[in-house]
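First up is the structure itself, then whatever we jot down about it.
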Amino acid sequence: MQRTETLDDAGVEPGPSARTERLRAVVRHDLPASLVVFLVALPLSLGIAIASDAPVLAGLTAAIVGGILAGFLGGSPLQVSGPAAGLTVVVADLVSQFGWGITCLITAAAGALQVLLGLSRVARAALAISPVVVHAMLAGIGITIALQQMHVLLGGKSKSTAWQNVVGLPGQIIDAHRPGVILGVLVIALLIGWHWMPAGLRRVPGPLVAIVAVTVLSVVFPFQVPRIRLEGSVLDAIRLPELPDGNWGAVAMGVLTVTLITSVQSLLTAVSIDRMHNGPRTDFDRELIGLGVANVAAGAIGALPVSGVIVRSAANVNAGAKTRASAIMHGFWILLFTVPFAGLVEEIPTAALAGLLIVVGAQLLKPAHIETALRNGDLAVYMVTTVGVVFLNLLHGVMIGLALAIVLTGWRVIRARIEAVPVGDEWHIVLEGACTFLALPRLTRVLASVPQRTTVTVSVLTDYLDHAAQQAISDWQHQHRSTGGTVHIDGDTEAGTPAAARSEANRRRARLTLVARQLREQT
1 MQRTETLDDA GVEPGPSART ERLRAVVRHD LPASLVVFLV ALPLSLGIAI
51 ASDAPVLAGL TAAIVGGILA GFLGGSPLQV SGPAAGLTVV VADLVSQFGW
101 GITCLITAAA GALQVLLGLS RVARAALAIS PVVVHAMLAG IGITIALQQM
151 HVLLGGKSKS TAWQNVVGLP GQIIDAHRPG VILGVLVIAL LIGWHWMPAG
201 LRRVPGPLVA IVAVTVLSVV FPFQVPRIRL EGSVLDAIRL PELPDGNWGA
251 VAMGVLTVTL ITSVQSLLTA VSIDRMHNGP RTDFDRELIG LGVANVAAGA
301 IGALPVSGVI VRSAANVNAG AKTRASAIMH GFWILLFTVP FAGLVEEIPT
351 AALAGLLIVV GAQLLKPAHI ETALRNGDLA VYMVTTVGVV FLNLLHGVMI
401 GLALAIVLTG WRVIRARIEA VPVGDEWHIV LEGACTFLAL PRLTRVLASV
451 PQRTTVTVSV LTDYLDHAAQ QAISDWQHQH RSTGGTVHID GDTEAGTPAA
501 ARSEANRRRA RLTLVARQLR EQT
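Those letters in the sequence shown? Residues 1 to 523, by full-length UniProt numbering.
This is the structure:
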């Protein structure tokens, strides 16, 4: 079964020459794409490990495990998994609270829970979380990362809370370490300017160019700056999980937090990647199982938690990858690089990686998401969630955002929009939403505001109209006609009939909505 799926991913029908055709497709498409993803993942994995207060090599180990295991077992053929910027705040908090050994145990336990969830076939339930909450969560994480790394770029250390980072920033600027600031700002400038380079040059990943260029500059010229320090080789970095002495409730909460964030981020990333290509769609339950196995392995050997990463996955698709072979090979490239060349990593200035992470954090705050939230009336949810994630913590911020989103959704369900607009010598009344007995005070007030002996058109765009509201409209209609007025009902006023069952009303809904919008614009 696995062999057939792999052949299907490559777009080649099984047959005598299937292996040859598959190998050609891998060499033509997946091999070059894997090298591009490798070059993108290498500096990002280092930076994310440092931002997470984890061992530096734990980031590279997570990239290896995510690439190979999640790439082979996952349900999204073109998604690339590894350490994600969206997890830095969570991991840093776990490391601060429990230490690295227990954090590894939490990662492994979260992976086991993900496997169980995938086997239970409930992966799609994670997609029910409001996208605006997820976008705001990522924005809050991005702001937190940028605040933390600003201190590192300026030659200091990040504080334990976002508020302390904000308050301490002016003093840190005054005492800034100028050589490090120059290198960090140069990385930021290169990453921003790389988008305007010719298309041929942009085939080389911007993060790699920025880190390599600034590292070479810091070595050639006499820059006395702090640099990355590794503790041995990748084999030396292997760390077995540790059991906590107590506080199992906090550990369980950490497991649930890591499970939720890695699962939701991976599944939403898979949805985004599916929109970028025309190949096989994601099997969400299989993706969760593959991710869980990767996290079990990551926690067992002392690596960072693994999640689907949009930056690497998008680079994979844009580089022309066709099958999961690209993600798997990128993991092997990181492994082959890390074993003999880990010493080169120690030449990278910490300020350079701080500049890279500031840009990565800023990219998590997307103006398009803010515009979408504003257009859909969800800006309050976005802002509250973002502020909660930054100044409280990730879990509390997300929970508050979800609660607010549910409250607003409930309000929209029971809320009706009722407007009376004069149009020349006539009046137009528009009813939208769910018009129930809860809206009777406003409904009767608006109906009573219409002058007597006028011609009135009532556009009923309601999703639901209960008996009380229907009776109020009917009573007003008879009363208005008795005074010499005229009433035209455009829509269905049968009480208790949901919109889905009113086929004729549904066909007129778009036209009536346009009329209502035009009337509002006239006012």
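Virtual Cβ for every residue (Gly too), placed ideally from N, Cα, C.
Remember, it's a predicted structure, so these values are computed and weren't measured experimentally.
With a CB to CB cut of under 8 Å and the five nearest residues on each side skipped, what residues in its chain are close to residue i?
i      : result
Arg453 : Thr483, Gly484, Gly485
Thr20  : none
Arg415 : Gly433, Ala434, Ala439
Val456 : Glu426, Trp427, His428, Ile429, Val450, His480, Gly485, Thr486, Val487, His488
Ser96  : Asp53, Ser160
Ala510 : Note that Ala510 scores 44 on pLDDT, short of 50, meaning its location in the model is unreliable; the coordinates nonetheless yield the value given after this. Excluding residues within five positions, none has a Cβ falling inside 8 Å.
Gly75  : Ala270, Thr282, Asp283, Phe284, Asp285, Arg286, Glu287, Leu288, Ile289, Gly290
Could you name the residues of the same chain whose beta carbon sits closer than 6 Å to that of residue i, not counting the 5 residues immediately before and after it, in chain order?
i      : result
Gly180 : Gly155, Val225, Ala351
Gly59  : Ser45, Leu46, Ile48, Ala49, Pro83, Leu304
Leu201 : none
Val251 : Pro244
Gln149 : Ala354, Leu357, Ile358
To the nearest angstrom, how far is it from the Cα of residue i to the Cα of residue j?
i      : j      : result
Leu461 : Leu404 : 26 Å
Thr386 : Ile370 : 11 Å
Gly99  : Gly433 : 52 Å
Met329 : Thr436 : 59 Å
Gly47  : Leu353 : 5 Å
Ile106 : Leu431 : 52 Å
Ile418 : Leu169 : 50 Å
Ile301 : Leu116 : 21 Å
Gly377 : Gly279 : 34 Å
Leu267 : Trp427 : 50 Å
Ala213 : Ile129 : 41 Å
Gly246 : Ile102 : 11 Å
Val311 : Ile429 : 49 Å
Ile348 : His151 : 17 Å
Val317 : Glu346 : 31 Å
Val219 : Arg227 : 11 Å
Leu364 : Leu138 : 6 Å
Leu190 : Val209 : 8 Å
Asp53  : Val398 : 22 Å
Gly308 : Gly67  : 10 Å
Arg324 : Asn393 : 35 Å
Val335 : Ala109 : Position check: residue 335 holds Leu in this sequence, whereas Val was assumed. Between Leu335 and Ala109, the C-alpha separation is close to 25 Å.
Ser81  : Pro32  : 18 Å
Ala420 : Trp411 : 22 Å
Leu240 : Gly249 : 21 Å
Ala51  : Val413 : 42 Å
Pro441 : Ala472 : 10 Å
Ser474 : Gly491 : 13 Å
With respect to the beta strand (DSSP E) encompassing residue i, which residues constitute its N-terminal and C-terminal limits?
i      : result
Ala416 : 416-423
Leu459 : The sequence given here has Ser at residue 459, not Leu. First-last of the beta strand (DSSP E) with Ser459: 455-465.
Thr486 : 486-490
Trp427 : 426-435
With a cut-off of 8 Å on the beta carbons, I'd call residue i and residue j a contact; round off their distance for me.
i      : j      : result
Ala327 : Gly71  : 3 Å
Tyr382 : His135 : 7 Å
His29  : Ala321 : 6 Å
Ile211 : Pro43  : 4 Å
Trp333 : Ser45  : About 12 Å separates the two Cβ atoms, so there is no contact after all.
Trp194 : Gly206 : 4 Å
Leu87  : Ile238 : Actually they are not in contact, since the Cβ atoms of Leu87 and Ile238 sit about 20 Å apart, beyond 8 Å.
Asn165 : Lys157 : Between Lys157 and Asn165 the Cβ distance is about 10 Å, and since that is not below 8 Å, they are no contact.
Ala63  : Gly331 : 7 Å
Leu69  : Val293 : 6 Å
Whose C-alpha, out of the options, is nearest the C-alpha of residue i?
i      : options                        : result
Val306 : Asn318, Leu291, Ser313, Ala319 : Leu291
Ser263 : Asn295, Phe332, Pro241         : Asn295
Ser255 : Val89, Leu57, Ala112           : Position check: residue 255 holds Val in this sequence, whereas Ser was assumed. Nearest of Val89, Leu57, Ala112 to Val255, Cα basis: Ala112.
Pro222 : Arg178, Asp475, Ala58, Pro441  : Arg178
Gly343 : Ala92, Arg229, Gly184          : Arg229
Leu39  : Thr338, Leu153, Leu73          : Thr338
Ala468 : Gln164, Thr444, Ala125         : Thr444
Leu356 : Val187, Ile68, Leu78           : Val187
Ile192 : His478, Leu78, Val359, Leu364  : Val359
Asp175 : Leu153, Ala146, Val132         : Leu153
Ala123 : Leu288, Val132, Val167, Thr269 : Leu288
Val422 : Leu447, Thr409, Leu408         : The residue asked about is misnamed: residue 422 is Pro in this sequence, not Val. Nearest option by C-alpha distance: Leu447.
Pro367 : Val37, Val27, Val132           : Val132
Val26  : Leu78, Ile182, Leu73           : Leu78
Near residue i, what residues of its chain come up, given a Cβ to Cβ distance below 7 Å and the 5 sequence neighbours on each side ignored?
i      : result
Val390 : Gly140, Ile143, Thr144, Ala162
Ile489 : Val458, Val460
Val384 : Ile400, Gly401, Leu404
Val90  : Thr257, Val258, Ile261, Leu394
Gly424 : none
Mind checking which residues open and close the alpha helix (DSSP H) that includes residue i?
i      : result
Leu291 : 284-301
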